[in-house]
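Participant:
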Amino acid sequence: MSQPGWPAILSDGPVTLRPYRRSDARAWSEVRRANEQWLGKWEPTPYGTWHDLNSVAAFRAVHADLRRAARHGTAMPFAVCYEGRLVGQLTLGNIVRRAFCSGYAGYWIDSRFAGKGIIPTALALVVDHAFSVGGLHRIEVNIRPDNAASRRVVEKLGFRQEAYHHRYLHIDGDWRDHLGYAMTTEDLAGDDGLLARWHKATTPSA
Ligand SMILES: CC(C)(COP(=O)(O)OP(=O)(O)OC[C@H]1O[C@@H](n2cnc3c(N)ncnc32)[C@H](O)[C@@H]1OP(=O)(O)O)[C@@H](O)C(=O)NCCC(=O)NCCS
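Numbering (my numbering), first residue to last: 113 to 318.
(1) To the nearest angstrom, report how far apart D286 and G200 are at their CA atoms.
(2) For W150, which three-state DSSP category applies?
(3) Return yes when the Cβ of H290 is within less than 8 Å of the Cβ of N254, no when it is not.
(4) Pairing CB atoms from the segment 306-314 with CB atoms from the segment 175-190, are three or more of them under 8 Å?
(5) In three-state DSSP terms, what is A309?
(6) Would you call the segment 227-238 and the segment 294-302 in contact, with 3 or more CB pairs under 8 Å?
(7) Whole angstroms is fine: what's the gap from G205's alpha carbon to S214's?
(8) Would you kindly check if the distance between the Cβ of E252 and the Cβ of A294 is under 8 Å?
(9) DSSP state of P119, grouped into three classes?
(10) Kindly examine ligand 1 and report whether one of its heavy atoms sits closer than 7 Å to the Cβ of R264.
(11) Buried or exposed: which applies to Y219, given that a residue is buried once 16 or more other Cβ atoms fall within 10 Å of its Cβ?
(12) Report back the beta-carbon spacing between W162 and E142 to the nearest angstrom; my notes put them in contact at under 8 Å.
Printed below as a string of structure tokens:
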């Protein structure tokens, strides 16, 4: 059964977000294995070796989990592509509807593609999508205080820092504090959406 907002393909210039495909296994494994040092510090504590958890074979289970969550309407898991190449992931997870209509965004990018504004573009696309056809009202992002790059992503897009969560998530071997950032539909009232706002902020005025 399809869920509001899923499946979807979103794009802006060279950045495309789409559901994973079975054929992504090799590219996913290559990117993940090449980025152990870059990603490990910020990811949930692994329950095995990075090498094994990010093998071509492991992708089958990862893909099945993501598809199941998407089918149940609790996640919108997007592969992030740049000029057609798989370079990262942005998942809107923990989606709860009824009186909450909220989801948590989590993301990563291949270090070889960092600093190009790909994830801010991806997050803006997903926020606009989630707030329109996705029917959500709030998007949250939880970030470790020392993750300067990730904090820049949400701050550049205008997310509001709302909370300090003590020992919130088990990341890289321990319970880590997180800053809670959020945006609601009201924050975009009067704008043409977050992507338009992001473009306005990044396009030099004539
Ligand atoms: C956080 C992350 C997703 C940002 O994605 P991105 O597409 O590189 O985002 P941006 O291009 O907007 O860069 C964000 C900031 O990263 C820093 N940055 C830029 N180039 C960089 C590079 N080559 N290497 C490291 N950091 C860089 C800059 O501080 C930049 O902010 P600025 O635009 O104000 O200069 C990426 O750094 C990443 O995958 N980190 C590891 C995983 C992670 O932290 N995930 C989020 C967990 S909450």
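Glycine included, each C-beta is placed from N, C-alpha and C at the ideal position.
Facilitator: Taking the definition as stated:
(1) 24 Å
(2) helix
(3) Against a cut-off of 8 Å, the Cβ pair of H290 and N254 comes out as a contact.
(4) no
(5) Per the sequence shown, the amino acid found at residue 309 is Arg instead of Ala. Looking at R309 - three-state DSSP - the assignment turns out to be helix.
(6) no
(7) Going by C-alpha positions, G205 is about 9 Å away from S214.
(8) yes
(9) Three-state result, P119: coil.
(10) R264 has its CB nearer than 7 Å to a heavy atom of ligand 1.
(11) The residue in question, Y219, is buried, as its Cβ has 16 or more Cβ neighbours within 10 Å.
(12) So it is not a contact: roughly 13 Å between Cβ atoms.
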